[in-house]
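If you want this note's numbering, it's the position in the sequence shown, counting the first as 1, plus 81. All C-beta atoms in this analysis are idealised placements derived from N, C-alpha and C, irrespective of residue type, glycine included. The structure under discussion appears below in the form of structure tokens.
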Amino acid sequence: TTGLYLEEAITEMCELITKYCGGKYRLLNKTDISALNLKVAKVTDIQNHPNADKLYILKIDLGDEKRQLCAGLKPYYPDPNDLLNKHLVVVTNLEPAKLRGELSEGMLLAGDDGENVGILNPQKSSPGDQVFVEGVSEYKTDKIGFNDFMKYTLEAKDGYAYLQGKQLQTSTEKIKLEKVVNGRIR
Numbered sequence: 082t083t084g085l086y087l088e089e090a091i092t093e094m095c096e097l098i099t100k101y102c103g104g105k106y107r108l109l110n111k112t113d114i115s116a117l118n119l120k121v122a123k124v125t126d127i128q129n130h131p132n133a134d135k136l137y138i139l140k141i142d143l144g145d146e147k148r149q150l151c152a153g154l155k156p157y158y159p160d161p162n163d164l165l166n167k168h169l170v171v172v173t174n175l176e177p178a179k180l181r182g183e184l185s186e187g188m189l190l191a192g193d194d195g196e197n198v199g200i201l202n203p204q205k206s207s208p209g210d211q212v213f214v215e216g217v218s219e220y221k222t223d224k225i226g227f228n229d230f231m232k233y234t235l236e237a238k239d240g241y242a243y244l245q246g247k248q249l250q251t252s253t254e255k256i257k258l259e260k261v262v263n264g265r266i267r
């Protein structure tokens, strides 16, 4: 059961309890979708990580800025040219981290179905385009830690990306995944 289904089941259970027993309920620890700032990025350069067999070092274009990311995609994209010039979805406000001695200034999102791993692939969108869910118009730029990021439920359903059960999109397209139809996104 994914986090989305668990949350829906808990909400339904609470509504039934209040319907038949009275009272009120409040769900705690709900994550704030607007705290996660996702943008489209274009891969402009890709190199093997000098200190890690499974990592690439990617140079990305976010429209108004350039950044470097480390990504564990080498086992799933053994030919780096398969990623060059592709558009990705990046968590832009994740705290920077050093991965095996190399700076990573954000994190790209990829789906995993247990056998395949594939990037989120907004090819019709431009670098720097905001990735959003319906109903949220502003996104925070405050840095968030990796543990805070892990509280979000990101999943692939029928080849599309969802955050907290809401479909991810840009102003020009709904976000699809490569290689993964159903699974988790990280």
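By the C-beta criterion, the region 253 to 262 is judged to be in contact with the region 194 to 211, since at least 3 inter-stretch pairs fall below 8 Å. The Cβ-Cβ distance between L201 and L150 does not fall below 8 Å. G192 and Q248 have their alpha carbons spaced roughly 14 Å apart.
When C-alpha distances from A133 are compared across I141, G153, V124, the shortest belongs to G153. The straight-line gap separating the alpha-carbon atoms of P161 and D194 is approximately 21 Å. Per DSSP, D229 is one residue of the alpha helix (DSSP H) stretching across 227 to 230. For T173, the number of other beta carbons within 10 angstroms of its own is at least 16, and it is reported as buried. In the DSSP assignment, A242 falls within the beta strand (DSSP E) that extends over 241 to 244.
Straight-line spacing of the CA atoms in K179 and S185 works out to 6 Å. Nearest Cα to K238 within the set E259, G264, G216: G264. The DSSP-derived three-state label of D163 is helix.
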